Structure formats: C-alpha cells, structure tokens
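Trainee: In the working numbering, the protein residues as written are 5 to 187.
Where a beta carbon is used, it is the ideal one built from N, C-alpha and C, also for glycine.
Everything numeric in this text was worked out from a predicted model, so none of it was measured.
Below is one structure. I have some questions about it.
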C-alpha cells in the first residue's frame, strides 16, 4: 500500500467508514501480528495486541499526519503498544512478588519502574507532549533511529529535531518531578 492509498484509508476511518480500517488490516494485519509476536513471545497475547492495535488505530486516526511515512507510523505504534503491554505485565508480576515475599533483588531492580508509574502513567506523561515531540521520542527511543534519520522522515531540519527531542525529555523530567513520582 502506498502512502497515498494509506492516507485515503485513514480519511475513510475519520469519516467512520470501516472499510478503511478493514483494508489497512488486510494489508498489514500479519505484519503487525509479527511485530507483536516478536516482542511479547506469546501467540495469544500477540493476537490480542493486534486487535488492540487496530482498535487504537481507529480511535486515534486523527493524530496521523499525512506524508510522514505510514509504515514507520504503524511500526512505531505497534512496538509502543507491545512494550507498554510488557511493562504492565512486569508491574503485575512484581506486585504479586511483593505480596508473597520480602523485597528481593528482583523487587529492588524494579523499584525505579514502580516509582515512575506511581504518580502518573508513562502514557499520561507522553500525552503532555505535543505530537512532534511524541513522534520524535518514539522514533528515537522506540525504534532507536538517529536524529538524522528522524530528520529525513519528518522532513524537518536536524537542529529542530534535536531541539524538540531535548525539549520533550526536559518536559518529561519536569512532569516526573512535579507529580512527585520519584519522591
């Protein structure tokens, strides 16, 4: 599917036409499932996450920017959803461990993650960023792209990309401190 064809399908979704989503699913369903399975390692969880992915795509279609490269957009979104799932699962396991035994080295190693999650969720913190900042963070941290690669994808100057990245990180740090997540 070309970028233009994908953009048209996203316009259908925005018009509440389920055919747009169906066509995207037919083209990318197996690919998204493969990404999910590669990350979560469970076929059942990967199937559930793939369904969640397409529901989220439907719900957040308005956030998609035409011409930004739909394949990268889908990949970043899928990876973030799978990683969020793993983090949630890890928190649940740690919570069960804490209830059944004293703090161990495993619980100590996850204390930082638990404290970050204590005040607000990572998703809530990300929602406080603008869309460019979220996209740059996702590409930089989630996909481990270089600033130069992000600059080309987003068609923005390299200096703007690095500045927005630093600004986003600073905003997240400020959010963490203000909400008392670490303290």
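Roughly how many whole angstroms lie between the Cα atoms of residue 13 and residue 30?
Mentor: Roughly 12 Å between the two C-alpha positions.
Trainee: How far does the alpha helix (DSSP H) with residue 135 in it extend, from its first residue to its last?
Mentor: Run containing residue 135: 135–141, per the alpha helix (DSSP H) assignment.
Trainee: According to DSSP, simplified to helix, strand and coil, what is residue 132?
Mentor: Here residue 132 sits in coil by DSSP.
Trainee: Hey, would you say residue 19 sits closer than 8 Å to residue 57, going by beta carbons?
Mentor: Contact flag unset, no.
Trainee: Determine the extent of the alpha helix (DSSP H) in which residue 155 is found, giving its start and end residues.
Mentor: 151–158 is the span of the alpha helix (DSSP H), which, as asked, contains residue 155.
Trainee: How is the alpha helix (DSSP H) around residue 11 delimited, first residue to last?
Mentor: Looking at the DSSP string, the run of the alpha helix (DSSP H) that includes residue 11 is 7–18.
Trainee: Taking the straight line between their C-alpha atoms, what separation do you get for residue 120 and residue 65?
Mentor: Because residue 120 sits at a pLDDT of 41, beneath the cut-off of 50, its placement in the model cannot be relied upon, and the following sentence gives the value as read from the coordinates. So the alpha carbons of these two residues sit roughly 29 Å apart.
Trainee: Do you know offhand how far residue 157's Cα is from residue 70's?
Mentor: Spanning the two alpha carbons is a distance of roughly 12 Å.
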